[in-house]
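These notes are about the structure you will find just below.
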Amino acid sequence: MKFTFYGHACFAIETDGKKLLFDPFISGNELAKDIDINKIEADYILVSHGHGDHVADLVSIAKRTGAQVIAAYEIVDWVQKQGVTNVHPMNFGPANFDFGKVHFLPAWHSSSMPDGAYGGNPGGFLVHGKEHKFYYSGDTCLMMDMQLIPRYAKLDFAILPVGGNFTMDADDAVIAADFIKCDKVIGVHFDTFGYIKIDHQAAKEKFKAQGKELILPNIGETIIL
Ligand code: NI
Ligand code: MN
13 MKFTFYGHAC FAIETDGKKL LFDPFISGNE LAKDIDINKI EADYILVSHG HGDHVADLVS
73 IAKRTGAQVI AAYEIVDWVQ KQGVTNVHPM NFGPANFDFG KVHFLPAWHS SSMPDGAYGG
133 NPGGFLVHGK EHKFYYSGDT CLMMDMQLIP RYAKLDFAIL PVGGNFTMDA DDAVIAADFI
193 KCDKVIGVHF DTFGYIKIDH QAAKEKFKAQ GKELILPNIG ETIIL
């Protein structure tokens with residue numbers, strides 16, 4: 013399984029021969045200026061919620077690649093109005109795809125689209141692929157609901173926000189990793205803005221002290237998991 017980081021909370025995961033792109037926000041991210049948006053391929057685009065730092069490049073990438081947009085019903089409605097036709101609306105619950113089963117699960121956050129339209133409820137994704145199982149929480153604070161995840165799947169890894177202020181910080185993400193019973197965490201949603209700049213070494217040490225690993229990927233980096 014391949015994980016590629018495009019900055020902030022945008023990443024791609026290749027599993028079972030399919031490319032899953034999450035939360036496309038690249039063009040507005042100064043730190044990701046070396047990423048060529050036109051070279052990003054996707055079979056599916058999964059969107060956690062409607063904020064601009066998660067959907068800025070959603071419509072353009074969906075139209076160019078023809079990838080299927082998997083998101084809350086209200087976000088799907090928003091992209092359809094902009095001419096995206098390959099969509100799969102969800103609300104919280106499971107659905108089956110050719111790459112595996114997806115649980116769209118709640119996140120404690122908010123969700124309005126960049127133009128002010130209602131974005132439905134914010135969420136995260138538990139993906140049960142044939143090869144691997146992983147959880148991306150989306151933007152959220154620490155929440156008790158995460159304790160349900162181990163009942164659904166033994167995770168190979170998780171993608172959690174660690175920047176604080178708008179989401180969990182590294183301390184909270186260590187507890188989240190405990191809740192979801194996962195020792196390998198890829199941190200996202202850090203450093204992009206002043207409010208979420210973090211000390212990388214200190215964040216990694218917090219995980220290490222609990223016998224866990226925090227990976228803070230470089231933008232453009234591909235990690236084989
Ligand atoms: Ni957000
Ligand atoms: Mn965000």
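Sequential numbering from 13 applies to the sequence shown in our numbering. Beta carbons are placed, not taken as given, at the ideal position from N, Cα and C, and that holds for glycine. These figures come from a predicted structure and were not determined experimentally.
Apart from the five residues on each side of it in sequence, which residues of its chain come closer than 7 Å, Cβ to Cβ, to Ile236? Indexing the sequence shown from 1 puts residue 236 at position 224. A distance below 7 Å between beta-carbons, with the five flanking residues on each side excluded, links Ile236 to the following residues of its chain, in chain order: Lys14.
Buried or exposed by the 16-neighbour rule on C-beta atoms within 10 Å, applied to Pro134: The residue given as residue 134 occupies position 122 in the sequence shown. By the 16-neighbour rule on beta-carbons within 10 angstroms, Pro134 is buried.
Would you call Pro36 buried or exposed, if buried means 16 or more other Cβ atoms sit within 10 Å of its Cβ? The residue given as residue 36 occupies position 24 in the sequence shown. Buried is the label assigned to Pro36, since at least 16 other Cβ atoms lie within 10 Å of its Cβ.
Proximity to Leu172 [Cα-Cα], best of Ile161, His201 and Lys145: Translated into positions along the sequence shown, residue 172 becomes position 160. Distances from the alpha-carbon of Leu172 to those of Ile161, His201 and Lys145 put His201 closest.
According to DSSP, simplified to helix, strand and coil, what is Asp48? Taking the first residue of the sequence shown as position 1, residue 48 is located at position 36. Here Asp48 sits in coil by DSSP.
Count the other C-beta atoms from every protein chain shown that fall within 10 angstroms of the C-beta of Asn50, then say buried if there are 16 or more, exposed otherwise. As a first step, residue 50 must be located in the sequence shown, where it is residue number 38. For Asn50, the number of other beta carbons within 10 angstroms of its own is below 16, and it is reported as exposed.
Of all the options Gly136, Ile231, Glu225 and Phe109, which has the alpha carbon lying nearest to the alpha carbon of Tyr148? Counted from its first residue, the sequence shown places residue 148 at position 136. Residue Gly136 is the option with its Cα nearest to Tyr148.
Between which two residues does the beta strand (DSSP E) containing Tyr164 stretch? Here residue 164 corresponds to residue number 152 of the sequence shown, with the count starting at 1. Tyr164 -> not in any beta strand (DSSP E); alpha helix (DSSP H) instead, spanning Ile161 to Tyr164.
As a quick exercise: from Ile82, Asn108, Ala119 and Leu70, pick the residue whose alpha carbon is nearest that of Gln94. Your numbering for residue 94 matches position 82 in the sequence shown. Just measuring C-alpha positions, the residue of Ile82, Asn108, Ala119 and Leu70 sitting nearest Gln94 is Leu70.
Along the chain, where does the alpha helix (DSSP H) that runs through Gln92 open and close? Counted from its first residue, the sequence shown places residue 92 at position 80. Boundaries of the alpha helix (DSSP H) harbouring Gln92: Tyr85 to Gln92, taken from the DSSP string.
With H, G and I counted as helix, E and B as strand and the rest as coil, what does DSSP make of Ile57? The residue you call residue 57 lines up with position 45 of the sequence shown. Annotated three-state conformation of Ile57 is strand, per DSSP.
At a cut of 8 Å, does the region 26-36 reach the region 110-117 through at least three beta carbon pairs? Judged by Cβ distances under 8 Å, the region 26-36 makes contact with the region 110-117, as three or more pairs qualify.
Does the ligand MN have a heavy atom nearer than 7 Å to the CB of Asp203? Counting from one through the sequence shown, the residue named residue 203 turns up at place 191. Incorrect: Asp203 has no Cβ contact closer than 7 Å to the ligand MN.
Assuming Ala182 and Lys218 form a contact by the criterion Cβ under 8 Å, report the distance between their Cβ atoms to the nearest whole angstrom. The sequence position of residue 182 within the sequence shown is 170, counting from 1. The sequence position of residue 218 within the sequence shown is 206, counting from 1. Yes, they are in contact, since the Cβ atoms of Ala182 and Lys218 sit about 5 Å apart, within 8 Å.
By DSSP's criteria, Ser124 is part of a beta bridge. Which residues make up the other side? Position 112 of the sequence shown holds residue 124. Note: Ser124 sits in a beta bridge opposite Tyr130.
Hey, is Asp69 close to the ligand MN, as in C-beta under 7 Å from one of its heavy atoms? Here the question's residue 69 lines up with position 57 in the sequence shown. No, the ligand MN has no heavy atom inside 7 Å of this Cβ.
Hey, would you say the C-beta of Asp151 is under 7 Å away from at least one heavy atom of the ligand MN? Working through the sequence shown from its first residue, we reach residue 151 at position 139. Asp151: yes, Cβ under 7 Å from the ligand MN.
Segment limits, alpha helix (DSSP H) that includes Ala214: As a working mapping, residue 214 is identified with position 202 in the sequence shown. That run of the alpha helix (DSSP H) goes His212 to Lys220.
Please report how far the alpha carbon of Ala170 lies from the alpha carbon of Gly105, in whole angstroms. As a working note, residue 170 is residue 158 in the sequence shown. As a working note, residue 105 is residue 93 in the sequence shown. About 19 Å.
Using a Cβ distance threshold of 8 Å, determine whether the region 118-128 contacts the region 51-66, with at least three qualifying pairs required. The answer is yes - the region 51-66 touches the region 118-128, with three or more Cβ pairs under 8 Å.
Might you give, ordered along the chain, the residues of its own chain that have their beta carbon closer than 6 Å to the beta carbon of Asp55, omitting 5 neighbours on each side? Here residue 55 is taken as the residue at index 43 of the sequence shown, counted from 1. The answer, listed in chain order, is Lys30, Lys31 and Ala79.
What number of angstroms, rounded off, separates the C-alpha of Gly150 from the C-alpha of Ala119? By 1-based counting over the sequence shown, the position of residue 150 is 138. By 1-based counting over the sequence shown, the position of residue 119 is 107. Whole-angstrom Cα-Cα distance: 7 Å.
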